[in-house]
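Comments concern the structure below.
Given below as structure tokens:
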């Protein structure tokens with residue numbers, strides 16, 4: 069019997085994270101109002117009631133904000149979030165915690 073030898077080529081994944089922000093200058097979440105204020109400030113106040121948006125607040129282990137990422141912007145009736153993008157963003161930022169926020173006429177966390 070002759071054995072068939074196969075060779076596969078696969079893609080290599082490399083996650084890179086380079087922070088240019090001083091860790092001491094990052095806001096820390098200690099209560100829900102901190103989170104609300106930071107997220108509300110990140111929304112464009114001119115379009116906040118026009119279309120729905122979904123954002124994530126990424127935190128390190130000390131609850132300091134690593135980043136805010138807009139994952140989806142929809143229309144007047146809804147928005148769709150791709151879980152792959154959500155988890156990719158969290159992993160790439162080395163986030164220990166996530167806070168999910170959806171704005172549809174009212175901020176929901």
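Numbering (my numbering), first residue to last: 69 to 177.
For every residue, glycine included, the Cβ atom is placed at its ideal position computed from N, Cα and C.
In this text, all values refer to a predicted model and were calculated from it rather than measured experimentally.
- Within a 10 Å sphere around the beta-carbon of residue 89 sit fewer than 16 other beta-carbons, which makes this residue exposed.
- In the displayed model, residue 116 falls within coil according to three-state DSSP, outside both helix and strand.
- Membership of residue 138 in the beta strand (DSSP E) is indicated by the continuous run 133-141.
- The DSSP-derived three-state label of residue 165 is strand.
- At least 8 Å separates the beta-carbon of residue 157 from that of residue 136.
- With contacts defined as CB atoms closer than 8 Å, residue 120 and residue 147 qualify as a contacting pair.
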